[in-house]
Each structure stands twice: as structure tokens, then as C-alpha cells.
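Keeping their order, the protein sequence lines are chains D and E.
Remember, our numbering sits 93 above the position in the first sequence when you count from 1.
Remember, our numbering sits 93 above the position in the second sequence when you count from 1.
First comes the structure, then the notes that go with it.
Number of protein chains: 2
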Amino acid sequence: MSIIHRASSGGQGELRWQDVLVHAYGSDNSGADGVTRQILLGNEEGSQNFHLRYFAIQPGGYTSLDQHTYEHGVYIIHGRALLRLGEEEHELGPGDVVYISHDEIHQFFALDIEPLGFLCIIPAQR
Amino acid sequence: MSIIHRASSGGQGELRWQDVLVHAYGSDNSGADGVTRQILLGNEEGSQNFHLRYFAIQPGGYTSLDQHTYEHGVYIIHGRALLRLGEEEHELGPGDVVYISHDEIHQFFALDIEPLGFLCIIPAQR
């Protein structure tokens, strides 16, 4: 069944959607700080091949230092990021697209005075 | 190998990226009009599980009436859309997310005076 998640307001600089839960991410000693995650397309939507998530990071926050057996697709919506990607660092802004291949070490840091927000696509089976 | 596609300018209301080709879509009597497509993550990037494309539709334009054996994930970036989804019509704006399940009939129409732009995720194997 097809599903529409409509954008809503009230996220204080982060995006929100009707009927989509906001999860704190990194409150479990994972090494992340100031990060929220919303699952836009996942198991609940019945998506069999890919999942789509939105991450928001408050200024000065960061995701955990990650390395996976599967790839990511990333689209920056708002804010500015410093991305550690393998041995390199890249500054990213709105509209930039990143393909993070499997096994590549990666970590996002939020720069600037506004929250960083990006879409992240991953395989459904992982 | 990981890859970054940096956003660029000059698209006259459509988004552009460095080193990403812009394809006219619908010039082949497919039933679409005023549509361009850019493949942000595809075979060239080595993406094995999902592909990511950006579609732009000029005001009054539309995609072809489509029905596939695979699902789509859609994120509206700019402009306003009228989406035919099965027997229903939905108006969509920036930030709205749609999961179009396999076999669902769908067609996007661009409303307003500005171009419609959206991300579309599909399985790599289809």
C-alpha cells in the first residue's frame, strides 16, 4: 500500500512529519551527540528494498563513528556538515549528495549555528 | 569507492550537480512533458541495492502515467505537485514523502509557477 508522510512544523530547526516518530539517537552511549532520527520509509511502510531516514544534528553535535557492511546514500537538506570519510574530511552543504560505499568509515559533524539535516538511504536487508 | 556529487547552480529553477548529466525525459513519446532526470546514485557509482534520481518538471509539465513491478520512494524538494496515485489525487509540497508501492499507478504533475523537483529512490535490481 502506498503511503504519504506530510511535512509538518515545530521541529525548532529540524524537519518533522505527521505521524512519524522522532527518536533520540546517541543517548545509549553509542558515541553520538545531539542527533535525532526519523524513519520515513521502513518496515512499517513495507519497503522491501530500501529504507529512508532523516537525521538531524544540533550545532556541535555528531553521529557515531560508523563502518557497515552496506552502503549509504546521503542528501544534505539543510545546515552544513563536516564529513569524515575514510582518511579524508569533506565540508558539505544543502543539495550535496554522498555515496558512502560499504566498509567506508564515516562520521558526520554539524557545523554552523543551525541544525544539520540529511536524508540517508540504506538497503532494507542489512 | 565513496563519491560526492556537489550541488551547483545554473539550472533556472532546477537543481544541478557537478559532473552529473541532465537527461531530457519524455522527448521519446513516453507521454511525459517538460521533465528532466539526473541520476545521482546509479550503476556508475556502484550502488548495488538502490538508485537515487532527481526529477525536475517545469510548471504545467508531467511525468508519464507509470506502473512498475517495483516500489518508489519520493521526497519533494521544491515546487508543488499533483500526484495521481491509483484512483486518488494528492497535492504535495516541499518535505512531503511518498512511498509508492509496486504495481501502483502513478503520475506527477507540476503545479504553480515554479518548477517541481523531487528525489526518487528505486531498487538497483528491477
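Every residue, glycine too, gets a C-beta built ideally from N, C-alpha and C.
Of all Cβ atoms in chain E, is any one closer than 8 Å to the Cβ of residue i?
i: Ile97 (chain D); result: yes
i: Leu158 (chain D); result: no
i: Glu164 (chain D); result: yes
i: Phe143 (chain D); result: yes
Can you confirm whether residue i, when its beta carbon is compared against all beta carbons of chain D, has any partner nearer than 8 Å?
i: Asp189 (chain E); result: yes
i: Ala100 (chain E); result: yes
Taking C-beta pairs closer than 7 Å, name the residues in chain E that residue i reaches, listed in chain order.
i: Tyr168 (chain D); result: Leu212
i: His183 (chain D); result: Ile97
Under 9 Å between beta-carbons, which chain E residues line up against residue i? List them in chain order, please.
i: Gly179 (chain D); result: Ser95
i: Glu107 (chain D); result: Under the 9 Å cutoff, chain E gives no residues; its nearest Cβ is about 11 Å from Glu107 (chain D).
Run down chain D in chain order and give the residues with a C-beta less than 7 Å from the C-beta of residue i.
i: Ile193 (chain E); result: Ser95
So which residues of chain E does residue i contact, with C-beta pairs closer than 8 Å?
i: Ala174 (chain D); result: Within chain E, no residue comes near Ala174 (chain D); the closest Cβ sits about 11 Å away, beyond 8 Å.
i: Leu114 (chain D); result: Within 8 Å Cβ-Cβ: nothing; Leu114 (chain D) doesn't reach chain E, min ~14 Å.
Taking the beta carbon of residue i as the centre, do at least 16 other beta carbons fall within 10 Å, making it buried, or is it exposed?
i: Ser194 (chain E); result: buried
i: Ile206 (chain E); result: exposed
i: Leu133 (chain E); result: buried
i: Gln131 (chain D); result: buried
i: Thr162 (chain D); result: exposed
i: Ala149 (chain D); result: buried
i: Glu107 (chain D); result: buried
i: Leu145 (chain D); result: buried
i: Leu158 (chain E); result: exposed
i: Asn142 (chain E); result: buried
*Residues within the stretch 199-217 of chain E neighbouring chain D, beta-carbon criterion of under 7 Å*: Leu212, Ile214 and Pro216
*Check each residue of the stretch 127-139 of chain E: if its Cβ is closer than 8 Å to any Cβ of chain D, include it; give the result in chain order.*
Hits within the stretch, in order: Leu133, Leu134, Glu138 and Gly139.
*Only counting runs of 3 or more residues, tell me where the beta strand (DSSP E) segments fall wholly within the stretch 162-208 of chain E, in order along the chain.*
Whole beta strand (DSSP E) segments, 3+ residues: 165-171, 173-178, 181-185, 190-193 and 199-204.
*Can you give, in chain order, each stretch of the beta strand (DSSP E) that sits fully within the stretch 102-154 of chain E and has at least 3 residues?*
Runs of the beta strand (DSSP E) spanning 3 or more residues and lying entirely within the stretch 102-154 of chain E occur at 116-118 and 126-134, in chain order.
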